[in-house]
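Residue numbers (my numbering), protein chains in the order written: chain U, 1 to 303; chain Z, 304 to 595.
By construction, the Cβ of each residue, glycine as well, lies at the ideal position given by its N, Cα and C atoms.
Structural data, given as structure tokens:
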């Protein structure tokens, strides 16, 4: 470390760095660490009520029979949502990236269009797709009625989660495509052509040349996708509301328990309990990302 | 942790030196164009359908929701704008986005430069902190409690502070970029008697502009689209950002799709127009952030 400091005084560095770090500490790290503390109390939404330290009672409650139905439901939904949306997102994004890496006319336009939903954000995306899946005569319903079928879409408990996953994939696909495209730049063309001359089919070239060289991009995409998906709930909030059981994920449970005052759930507005749910989610995200990282790194090494 | 922000442009032309390439006759890849067309339909149809719905009268929508509009009702936009009070919401969103992203970007500069240069003690420790901010738990509850206890609940300042400190990948991205600025420049400037602050804002700020613009845009897009924190931290409807305003509009006019579609379009249109301008920063920024 070359710690030679060229400027006459160190004070200005310390002052501005200190102010910025203080802001980050107070408004960023204090709430984050506070979640752990709050999860050990019976903190309530309203100010002025006494706060008692109750140890790990909130965690015991989360796994207790009385709450387990809600907890298990949210846990299952979270895992299905994260797993399915990540896998679909990776596969589809890889296909699109390979397509858009070819020298097609207007490919920059296609890329821009695929990335656009990231900008539109959850509220616009959510409303647009609510309109598409409008029960009374929306485009999706019209297509179904051609086959004489109909569906309640987000109102159908068996279908709602699948639809939410579909919209999530549509919304975040662009980011994965861009990451894959930048990874594809690193795949040398002559390697592809050498394989072609050796008689490798298009699929073999994809499988044995492109995919191994894309391994770092795949790792980045899987990790990013799964961590995002495990924590995402804004889209679900807009699409099917916070209280729809069939699409309730852990983050929404935090929201509903902490602020919702929802009917049907016990102990509503218990923020201590909500903080405990946050911690459960945090641990889940940690475990899943570490496992994913180990598996992917091992695969990368093998390829 | 090295981050490269100066990415190669996504479109690199293939090396022409390759002999086999020149000899092969290229046929037009029809299959690829069909796939690209399907892609465009999947991503553009929802927006075109939104616009189509926004132009219908309520009667026409009820009679035929999917048909192409026959008699465009442009007045839907004015009605939605007035009923939904979107002017005020958009102003709020502009304020939150500009102030929050500016705060985050300045913080990023103040934090990342001295750490990247080792001008602050414990630079290693601080760069670990920069990674750690990416993996914090969902702190909705305590963010609310913090503002409540500081007397900042339901204030614009409180919301701006909370979204502003959401610097995300910013410090990592910028410290990667700072390493590409030669250290000799610091020394030369210091020799000429330029102080640290003047150097940071007068020299590094313009030099690191591409990275700072990316940091700003990434955070701005996030703040503009944020809805849950705003729902939790703001109670007074006059302070709502446009996301919450649009969601509230859906609650009131949920059964009048043409009006709701017009409102959604009002929110989406500036985003689409803005996107055309900021596209290249965003795409490069995402790539840079990932490589970090």
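Q.
Check this for me: beta carbons of residue 275 of chain U and residue 59 of chain U, under 7 Å apart or not?
A. Here residue 275 of chain U corresponds to residue number 275 of the first chain, with the count starting at 1. Here residue 59 of chain U corresponds to residue number 59 of the first chain, with the count starting at 1. Cβ distance not < 7 Å, so residue 275 of chain U and residue 59 of chain U don't count as in contact.
Q) Would you call the stretch 500 to 520 of chain Z and the stretch 438 to 446 of chain Z touching, i.e. three or more CB-CB distances under 8 Å? A) no
Q.
Strictly under 7 Å for the Cβ-Cβ distance: is residue 493 of chain Z near chain U by that measure?
A. In the second chain, residue 493 of chain Z corresponds to position 190, counting from 1. Yes, because at least one Cβ of chain U sits closer than 7 Å to the Cβ of residue 493 of chain Z.
Q) Would the stretch 48 to 65 of chain U and the stretch 290 to 300 of chain U be scored as touching if the rule is three or more Cβ pairs under 8 Å? A) no
Q | residue 341 of chain Z classed as buried or exposed, judged by whether at least 16 other C-beta atoms fall within 10 angstroms | A | Working through the second chain from its first residue, we reach residue 341 of chain Z at position 38. Burial call: exposed.
Q: Using a cut-off of 9 Å between C-beta atoms, extract the partners of residue 403 of chain Z located in chain U.
A: Here residue 403 of chain Z is taken as the residue at index 100 of the second chain, counted from 1. Those do not exist, as residue 403 of chain Z stays about 11 Å from chain U at its closest Cβ, beyond 9 Å.
Q. Near residue 20 of chain U, what residues of its chain come up, given a Cβ to Cβ distance below 7 Å and the 5 sequence neighbours on each side ignored?
A. Position 20 of the first chain holds residue 20 of chain U. Nothing meets the Cβ criterion.
Q: Output the boundary residues of the alpha helix (DSSP H) element that contains residue 356 of chain Z.
A: Sequence index remark: in the second chain, residue 356 of chain Z carries index 53 (1-based). It spans 333 to 357 - the alpha helix (DSSP H) in which residue 356 of chain Z sits, taken as one unbroken run.
**Q.** Residues that residue 356 of chain Z contacts on chain U, provided the C-beta gap is smaller than 7 Å
**A.** As a first step, residue 356 of chain Z is located in the second chain; it is residue number 53 there, counting from the start. 131, listed in chain order.
**Q.** Close beta carbons around residue 311 of chain Z, own chain, < 8 Å, minus the five adjacent residues each side
**A.** Residue numbering aside, residue 311 of chain Z sits at position 8 when the second chain is read from its first letter. Its pLDDT being 42, under 50, residue 311 of chain Z is placed unreliably in this model, and the value from its coordinates should be taken loosely. The answer is none, since no qualifying residue turns up.
Q) Going along the chain, which residues of its own chain have a beta-carbon closer than 8 Å to the beta-carbon of residue 173 of chain U, five neighbours each way excluded? A) Here residue 173 of chain U is taken as the residue at index 173 of the first chain, counted from 1. So the qualifying residues of the chain are 89, 92, 93, 96, 114 and 117.
Q. With 7 Å set as the bound, which would you pick, yes or no: does the beta-carbon of residue 273 of chain U sit closer than that to a beta-carbon of chain Z?
A. Mapped onto the first chain, residue 273 of chain U falls at position 273. For residue 273 of chain U, the answer is no, since every Cβ of chain Z falls outside 7 Å of its Cβ.
Q: Determine the contact status of residue 466 of chain Z and residue 28 of chain U, defining contact as a CB-CB distance below 7 Å.
A: Against the second chain, residue 466 of chain Z aligns to sequence position 163. Against the first chain, residue 28 of chain U aligns to sequence position 28. No.
Q) Which residues, in order along the stretch 431 to 446 of chain Z, keep a beta-carbon less than 7 Å from a beta-carbon of chain U? A) 436, 439, 440, 441, 442, 443, 444, 445 and 446
Q. Does residue 392 of chain Z get closer than 7 Å to chain U when you measure Cβ to Cβ?
A. In the second chain, counting from the first residue as 1, residue 392 of chain Z sits at position 89. No, because no Cβ of chain U sits closer than 7 Å to the Cβ of residue 392 of chain Z.
Q. What is the residue span of the alpha helix (DSSP H) that residue 196 of chain U lies within?
A. As a working note, residue 196 of chain U is residue 196 in the first chain. Unbroken alpha helix (DSSP H) run through residue 196 of chain U: 189 to 197.
Q. Looking at the C-beta of residue 595 of chain Z, does it have a partner C-beta in chain U at a distance below 7 Å?
A. Start at 1 with the first residue of the second chain, and residue 595 of chain Z comes out as number 292. With a pLDDT of only 42 at residue 595 of chain Z, under 50, the local geometry of the prediction cannot be trusted, and no value is derived from it.
**Q.** Distance between residue 555 of chain Z and residue 379 of chain Z (C-alpha atoms, nearest Å)
**A.** Locating residue 379 of chain Z in the second chain gives position 76, where the first residue counts as 1. Locating residue 555 of chain Z in the second chain gives position 252, where the first residue counts as 1. Whole-angstrom Cα-Cα distance: 16 Å.
Q: To the nearest angstrom, report how far apart residue 472 of chain Z and residue 428 of chain Z are at their CA atoms.
A: As a position in the second chain, residue 472 of chain Z is number 169, starting the count at 1. As a position in the second chain, residue 428 of chain Z is number 125, starting the count at 1. A direct Cα-to-Cα measurement between residue 472 of chain Z and residue 428 of chain Z gives close to 16 Å.
Q.
Cβ closer than 8 Å: which chain Z residues qualify as neighbours of residue 231 of chain U?
A. Locating residue 231 of chain U in the first chain gives position 231, counting from the first residue. Within chain Z, the residues near residue 231 of chain U are 441.
Q. Mind pulling the chain Z residues with CB within less than 7 Å of residue 58 of chain U?
A. By 1-based counting over the first chain, the position of residue 58 of chain U is 58. Within 7 Å Cβ-Cβ: nothing; residue 58 of chain U doesn't reach chain Z, min ~11 Å.
Q.
Check whether the stretch 197 to 209 of chain U and the stretch 139 to 156 of chain U are in contact - that is, three or more C-beta pairs closer than 8 Å.
A. no
Q: Return yes when the Cβ of residue 408 of chain Z is within less than 7 Å of the Cβ of residue 480 of chain Z, no when it is not.
A: Reading the second chain from its first residue, position 177 is the one you call residue 480 of chain Z. Reading the second chain from its first residue, position 105 is the one you call residue 408 of chain Z. Not a contact, by the Cβ cut-off of 7 Å.
Q: Would you mind working out which of Z:412, Z:374, Z:514 and Z:360 sits nearest residue 561 of chain Z, comparing C-alpha positions?
A: Position 258 of the second chain, counting from 1, holds the residue named residue 561 of chain Z. Answer by Cα proximity: Z:360.
Q. Relative to the C-alpha of residue 78 of chain U, which residue among U:260, U:242, U:232 and U:295 is closest?
A. By one-based count along the first chain, residue 78 of chain U stands at place 78. Of the listed residues, the one whose Cα sits closest to residue 78 of chain U is U:232.
Q) Using 8 Å as the Cβ pair cut-off and three pairs as the minimum, do the stretch 181 to 190 of chain U and the stretch 238 to 258 of chain U touch? A) no
Q: Let me know the secondary structure DSSP gives residue 176 of chain U once reduced to three states.
A: Stepping through the first chain from its first residue, residue 176 of chain U is reached at position 176. In the structure shown, residue 176 of chain U sits in a helix (DSSP, three-state: H, G or I).
Q) Would you say residue 335 of chain Z reaches chain U, if we count a Cβ-Cβ gap shorter than 7 Å as a contact? A) Working through the second chain from its first residue, we reach residue 335 of chain Z at position 32. Chain U contact via Cβ: present.
Q) Applying a beta-carbon distance threshold of less than 9 Å, which residues of chain Z neighbour residue 40 of chain U? A) Within the first chain, numbered from 1, the residue matching residue 40 of chain U stands at position 40. Result: empty, since nearest Cβ-Cβ is about 12 Å, beyond 9 Å.
**Q.** CB-CB length for residue 214 of chain U against residue 184 of chain U, believed under 8 Å
**A.** By one-based count along the first chain, residue 214 of chain U stands at place 214. By one-based count along the first chain, residue 184 of chain U stands at place 184. At roughly 7 Å, the Cβ-Cβ gap stays under 8 Å, so residue 214 of chain U and residue 184 of chain U are in contact.
Q) Excluding the five sequence neighbours on either side, which residues of its own chain have a C-beta within less than 8 Å of the C-beta of residue 73 of chain U, listed in chain order? A) Locating residue 73 of chain U in the first chain gives position 73, counting from the first residue. Only 245 and 248 meet the Cβ criterion.
Q. Across which residues does DSSP place residue 53 of chain U in a beta bridge pair?
A. Walking along the first chain from the start, residue 53 of chain U turns up at place 53. According to DSSP, which records beta bridges pairwise, residue 53 of chain U is partnered with U:41.
Q | Boundaries (first-last residue) of the alpha helix (DSSP H) holding residue 489 of chain Z | A | Within the second chain, numbered from 1, the residue matching residue 489 of chain Z stands at position 186. Unbroken alpha helix (DSSP H) run through residue 489 of chain Z: 486 to 494.
Q. Exposed or buried, what is residue 546 of chain Z when buried is set at 16 or more other beta-carbons lying within 10 Å of its beta-carbon?
A. Sequence index remark: in the second chain, residue 546 of chain Z carries index 243 (1-based). With 16 or more Cβ atoms within 10 Å of its Cβ, residue 546 of chain Z is classed as buried.
Q) Taking just the CA atoms, how far does residue 68 of chain U sit from residue 396 of chain Z? A) Working through the second chain from its first residue, we reach residue 396 of chain Z at position 93. Working through the first chain from its first residue, we reach residue 68 of chain U at position 68. Rounded to whole angstroms, residue 396 of chain Z to residue 68 of chain U spans 39 Å at the Cα level.
Q.
For residue 384 of chain Z, would you say it is in contact with chain U, using Cβ-to-Cβ distances shorter than 7 Å as the test?
A. What you label residue 384 of chain Z is simply residue 81 of the second chain in a count that begins at 1. False, the Cβ-Cβ gap to chain U never drops below 7 Å.
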